[in-house]
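Protein chains in written order, with the working numbering: chain A, 152 to 748; chain B, 38 to 342.
This is how it looks when you write it as structure tokens:
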């Protein structure tokens with residue numbers, strides 16, 4: 152009786168807890184960990200991004216449904232020179248929250264500031280594809296020819312200026328003898344902020360040049376690192392500029408209150424260029440990490456939506472089928488690396504067999520908030536990307552491949568006792584969820600191949616270095632979150648033997664396929680080329696794909712314009728509170744027309 | 038008395054410095070850094086960060102700077118919450134923890150002392166067994182069980198109280214205060230009972246009764262003064278623990294107090310913030326212990342400094 156009086160929290164409700172909308176147009180949202188900073192070039196995580204999407208705008212913004220780029224401060228752009236030159240046209244009439252106009256020079260300032268070594272932004276690498284951005288951030292130098300005074304150039308087809316480390320000891324350690332000889336005695340010129348390939352052609356036109364073809368650059372520019380920061384406030388207040396009273400912002404909302412570990416409140420910014428389309432008057436972000444507490448607040452109707460990965464697994468039986476629960480794919484790949492440099496996994500047939508022996512559908516059912524992964528590019532995230540067939544579950548074929556690889560008895564059948572199981576080990580980092588997966592995979596191999604592969608955990612940082620040096624035995628845990636929403640973010644892992652590539656697998660033909668794909672100007676043809684490269688990669692099987700995580704979050708039915716999307720990035724200007732229950736599940740709601748400008 | 042207080046205050050600073058030094062060493066032993074995340078950083082970016090925060094300097098330089106900041110009472114800027122000074126974090130979080138802790142302790146005294154006294158007076162009778170049984174439950178049910186249970190009933194089934202969050206003094210504080218005070222109610226009730234039982238058997242109480250004083254005055258005027266000494270000595274450390282943040286309750290109820298900061302500061306390896314909180318906590322404990330010792334001298338005529 153009391154329960155039903157409190158807004159349909161009864162057992163038969165299709166929603167979890169109360170569904171009474173708050174008064175007026177205000178949203179109460181749980182945004183995750185306490186934000187590191189309100190400076191978009193310092194606060195590096197998703198919890199911060201959620202706030203920055205209210206306070207700051209970039210040249211582009213994330214689409215509320217698909218997370219691909221939509222116009223924001225830039226109303227349009229052109230791409231030339233095989234995806235290496237981009238010209239962005241700024242909206243006239245865009246203003247900072249203090250009323251001053253937003254100009255092309257502000258974007259140039261933003262990029263140069265973000266890359267300045269003194270700022271020490273953790274996200275600076277997001278812009279490394281921009282011409283000489285990495286060189287400037289690393290304190291590197293160009294080399295002049297002593298005779299002609301011209302800059303020496305590198306050996307890539309684009310003939311960019313040659314870049315060498317700025318410090319003598321780094322040059323001695325990193326450059327090969329031939330290059331050291333080439334630059335010996337030549338004057339070095341430190342890379343300056345002005346050398347970065349971002350220029351203001353006039354107050355409303357920005358040209359960006361890149362180191363290599365970067366067809367996904369407009370998508371990259373939605374990232375918090377590229378959201379415009381106010382030169383006027385930063386030069387006046389220094390590190391203290393984000394404080395209330397000092398802060399100046401570029402987004403649809405402006406800061407009203409900040410109380411650490413309690414709340415950040417933003418209100419509609421009346422001078423925002425699209426203020427007429429913004430419907431929320433106020434958003435309250437609650438930083439919170441305790442899952443039960445936030446689910447309690449949600450159930451009691453004290454908050455209207457929560458961020459992703461928040462529903463405790465033990466609650467899913469109750470909540471999983473409700474209408475306000477969402478669980479779509481994310482841009483994340485969870486997989487195991489195969490060591491292709493030593494041990495039995497040097498043989499591609501062994502790698503394939505270990506992969507064929509895993510039932511990923513069963514794994515997804517076991518983990519509950521994941522979706523099976525068949526390649527390296529997560530499915531359901533890139534709608535028109537033609538995924539290659541990818542890995543399948545076929546234990547019989549797995550045993551046949553192992554027999555073919557030499558692990559067989561007199562009759563030619565696979566014989567588990569001939570396999571050197573001591574040379575194989577599944578190494579993972581200490582974490583409950585990672586361990587559960589490892590044990591599941593171990594049991595699959597036991598059941599389908601008759602092999603008991605030992606599993607071993609180590610601290611995360613240790614695993615990173617063990618993996619980079621390929622000092623693990625055969626199999627190591629890996630995972631990758633897309634830095635930007637493009638399949639290239641995943642395929643690029645195999646562009647070098649170093650860096651993030653944990654397998655040691657490297658094939659110049661594969662790298663060339665990627666380079667050719669990125670020169671392609673037609674988006675769909677580019678996807679087809681990337682998919683062919685992925686198929687080629689999967690045929691060599693340097694990884695064992697496992698799963699993609701899914702979003703696993705909740706939102707009250709009266710919150711409209713907020714969708715399940717692969718980056719879980721919600722542009723708040725499209726969000727509204729719908730007080731009329733009859734329109735809660737309308738197939739098209741008023742928000743959708745604002746999405747395409 | 039004054040010499041005693043001065044002497045104690047004089048040793049406070051070296052003790053705090055010793056505590057922060059040990060803490061500083063332990064932080065250095067823990068793996069990882071404030072900037073390490075899921076993805077490894079490019080080496081150049083890591084170098085930029087280390088230069089910006091002086092982590093590339095020799096250890097004794099960093100240690101000296103840390104000690105200097107503690108002595109000056111300015112703990113510097115948080116590494117995790119860039120641009121936010123540790124002092125401003127302390128000044129925003131301490132009032133929350135202190136308010137919650139203070140209220141919880143007040144509640145514990147208001148319930149625990151009468152319950153314990155009552156039990157002592159009616160020793161081995163039904164009221165004694167009942168109140169001590171309840172106290173035993175209060176002691177044995179941890180706050181991470183009691184808190185969610187109260188939330189489940191009062192906030193999510195009957196919807197009479199909010200389930201979490203800080204909204205100043207009001208309905209939002211009821212559940213965390215009750216949850217936090219439960220253990221202390223039980224402890225204080227048991228301490229009061231024990232103290233009162235001992236005092237009630239002593240000679241001066243027999244004398245008071247023999248004088249024909251009414252039982253009320255015997256209890257409140259004479260027995261209480263001695264019987265509450267165990268509660269008093271418990272109060273110093275207990276209040277210090279409560280004021281400096283109560284991790285579990287603050288997390289369950291999402292309160293912006295010091296406990297939340299302390300946990301996350303450790304997870305984030307946020308050295309200035311850890312040092313700041315540890316220094317604040319140790320000063321609080323030392324000062325409250327001193328206050329208890331002083332109060333002891335005032336209450337118990339046998340204690341002389």
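Positions of the beta carbon are idealized from the N, C-alpha and C atoms, including for glycine.
* **Proximal residues, the stretch 232 to 265 of chain B versus chain A, C-beta separation under 8 Å** => none
* To do: Give me whichever residues DSSP pairs with residue 699 of chain A in a beta bridge.
  => In the first chain, counting from the first residue as 1, residue 699 of chain A sits at position 548. For residue 699 of chain A, which the question treats as bridged, DSSP gives the partners A:522.
* With 16 other Cβ atoms within 10 Å as the buried cut-off, status of residue 166 of chain B -> Counting from 1 along the second chain, the entry for residue 166 of chain B is found at position 129. Exposed.
* Can you give the beta carbon distance from residue 133 of chain B to residue 316 of chain B, rounded, assuming they're within the 8 Å contact cut? -> The residue labelled residue 133 of chain B in the question sits at position 96 within the second chain. The residue labelled residue 316 of chain B in the question sits at position 279 within the second chain. The Cβ separation is near 19 Å, so there is no contact.
* Going by DSSP, name the residue or residues bridged to residue 220 of chain A. => Numbered from 1 along the first chain, position 69 holds the residue referred to as residue 220 of chain A. Under the DSSP definition of a beta bridge, residue 220 of chain A partners with A:213.
* Close Cβ partners of residue 245 of chain B (< 6 Å) along its chain, the five nearest in sequence each way excluded -> Here residue 245 of chain B refers to the residue found at position 208 when the second chain is read from its first residue. Closer than 6 Å at Cβ, skipping near neighbours: 255 and 259.
* **alpha helix (DSSP H) runs wholly inside the stretch 168 to 225 of chain B, at least 4 long, in chain order** => Runs found: 180 to 187.
* Asked: Does DSSP classify residue 156 of chain A as helix, strand or coil?
  -> Within the first chain, residue 156 of chain A is the residue found at index 5, counting from 1. With a pLDDT of 36 at residue 156 of chain A, under the threshold of 50, the modelled position of that residue is not reliable, and the figure given next carries that caveat. Helix, per DSSP.
* To do: Decide if residue 281 of chain B is buried, meaning its Cβ has at least 16 other Cβ atoms within 10 Å, or exposed.
  => Stepping through the second chain from its first residue, residue 281 of chain B is reached at position 244. Its Cβ being crowded by 16 or more others within 10 Å, residue 281 of chain B is buried.
* Assigned secondary structure, residue 431 of chain A (DSSP; H/G/I helix, E/B strand, else coil) -> Taking the first chain and counting its residues from 1, one reaches residue 431 of chain A at position 280. Residue 431 of chain A: coil per DSSP, three-state reduction.
* Short CB-CB distance (under 8 Å) between residue 706 of chain A and chain B -> On the first chain, position 555 is the one that residue 706 of chain A refers to. Output row for residue 706 of chain A: interface = no.
* To do: List the residues that DSSP assigns as beta-bridge partners of residue 353 of chain A.
  => By one-based count along the first chain, residue 353 of chain A stands at place 202. Residue 353 of chain A is bridged to A:356.
* Reduced DSSP secondary structure (H/G/I, E/B, other) of residue 297 of chain A -> Position 146 of the first chain, counting from 1, holds the residue named residue 297 of chain A. Looking at residue 297 of chain A - three-state DSSP - the assignment turns out to be coil, as it is neither helix nor strand.
* Asked: Taking DSSP as the reference, what is the three-state secondary structure of residue 727 of chain A?
  -> For the purposes of this step, residue 727 of chain A is identified with residue 576 of the first chain, where counting begins at 1. Looking at residue 727 of chain A - three-state DSSP - the assignment turns out to be strand.
* To do: Report the partner residues of residue 450 of chain A according to the DSSP bridge assignment.
  => Residue numbering aside, residue 450 of chain A sits at position 299 when the first chain is read from its first letter. In DSSP, residue 450 of chain A forms no bridge with anything.
* Asked: Can you name the residues that DSSP bridges to residue 191 of chain A?
  -> Sequence index remark: in the first chain, residue 191 of chain A carries index 40 (1-based). None; residue 191 of chain A has no bridge partner.
* Can you find a CB in chain B that lies within less than 8 Å of the CB of residue 487 of chain A? -> Here residue 487 of chain A corresponds to residue number 336 of the first chain, with the count starting at 1. Answer no: the Cβ-Cβ gap between residue 487 of chain A and chain B never drops below 8 Å.
* With distances taken between CB atoms, is the gap from residue 485 of chain A to residue 653 of chain A smaller than 8 Å? -> For the purposes of this step, residue 485 of chain A is identified with residue 334 of the first chain, where counting begins at 1. For the purposes of this step, residue 653 of chain A is identified with residue 502 of the first chain, where counting begins at 1. Contact: no.
* residue 458 of chain A to residue 726 of chain A span [Cα, whole Å] -> The sequence position of residue 458 of chain A within the first chain is 307, counting from 1. The sequence position of residue 726 of chain A within the first chain is 575, counting from 1. Residue 458 of chain A and residue 726 of chain A: Cα-Cα distance of roughly 15 Å.
* Asked: Do you know offhand how far residue 183 of chain B's Cα is from residue 710 of chain A's?
  -> One-based indexing of the second chain puts residue 183 of chain B at position 146. One-based indexing of the first chain puts residue 710 of chain A at position 559. Whole-angstrom Cα-Cα distance: 33 Å.
* Coil, strand or helix - residue 751 of chain A by DSSP -> Absent from the model: residue 751 of chain A. The displayed extent of chain A is 152 to 748, so no value can be given.
* To do: Mind checking the stretch 191 to 225 of chain B against chain A and listing, in chain order, the residues whose C-beta falls within less than 8 Å of any C-beta there?
  => 192, 193, 194, 195, 196, 199, 200, 201, 202 and 203
* Between residue 534 of chain A and chain B, is there a C-beta pair that is closer than 8 Å? -> The count along the first chain starts at 1 and reaches residue 534 of chain A at position 383. Output row for residue 534 of chain A: interface = no.
* Simplified DSSP assignment, three categories, for residue 532 of chain A -> Taking the first residue of the first chain as 1, we reach residue 532 of chain A at position 381. Residue state, collapsed to three classes: coil.
* Asked: Can you tell me the Cα-Cα spacing of residue 122 of chain B and residue 650 of chain A, whole angstroms?
  -> In the second chain, residue 122 of chain B corresponds to position 85, counting from 1. In the first chain, residue 650 of chain A corresponds to position 499, counting from 1. Their Cα atoms are separated by approximately 35 Å.
* Are the C-beta of residue 190 of chain A and some C-beta of chain B separated by less than 8 Å? -> Translated into positions along the first chain, residue 190 of chain A becomes position 39. By this cut-off, residue 190 of chain A is an interface position.
* Asked: Do the CB positions of residue 477 of chain A and residue 735 of chain A come within less than 8 Å of each other?
  -> Within the first chain, the letter at position 326 stands for residue 477 of chain A. Within the first chain, the letter at position 584 stands for residue 735 of chain A. In this structure, residue 735 of chain A does not lie closer than 8 Å to residue 477 of chain A by Cβ.
* Is it right to say residue 154 of chain B is buried, meaning 16 or more other beta carbons lie within 10 angstroms of its own, or is it exposed? -> The residue you call residue 154 of chain B lines up with position 117 of the second chain. Residue 154 of chain B comes out buried.
* To do: Give a yes or no on whether 8 Å exceeds the smallest Cβ distance from residue 183 of chain B to chain A.
  => Residue 183 of chain B sits at position 146 when you count from the first residue of the second chain. Not closer than 8 Å to any Cβ of chain A, the Cβ of residue 183 of chain B fails to qualify, so no.
* Asked: Is the Cβ-Cβ distance between residue 291 of chain A and residue 347 of chain A less than 8 Å?
  -> For the purposes of this step, residue 291 of chain A is taken as the residue at position 140 of the first chain. For the purposes of this step, residue 347 of chain A is taken as the residue at position 196 of the first chain. No, Cβ-Cβ distance for residue 291 of chain A and residue 347 of chain A is not below 8 Å.
* Kindly indicate which three-state DSSP category residue 240 of chain A falls into: helix, strand or coil? => Here residue 240 of chain A is taken as the residue at index 89 of the first chain, counted from 1. Strand.
* Are the stretch 193 to 212 of chain B and the stretch 228 to 238 of chain B touching, with three or more C-beta to C-beta distances below 8 Å? -> no
* In this structure, does DSSP put residue 394 of chain A in helix, strand or coil? -> For the purposes of this step, residue 394 of chain A is taken as the residue at position 243 of the first chain. The answer is coil: DSSP assigns residue 394 of chain A none of H, G, I, E or B.
* State yes or no: is the beta carbon of residue 391 of chain A nearer than 8 Å to at least one beta carbon in chain B? => What you label residue 391 of chain A is simply residue 240 of the first chain in a count that begins at 1. Cβ-Cβ to chain B under 8 Å: yes for residue 391 of chain A.
* To do: Alpha carbon to alpha carbon, how far is residue 643 of chain A from residue 676 of chain A? Give it in angstroms, no decimals.
  => Your numbering for residue 676 of chain A matches position 525 in the first chain. Your numbering for residue 643 of chain A matches position 492 in the first chain. Roughly 18 Å between the two C-alpha positions.
* What alpha helix (DSSP H) runs, 4 residues minimum, are completely inside the stretch 315 to 347 of chain A? -> 319 to 325 and 328 to 334
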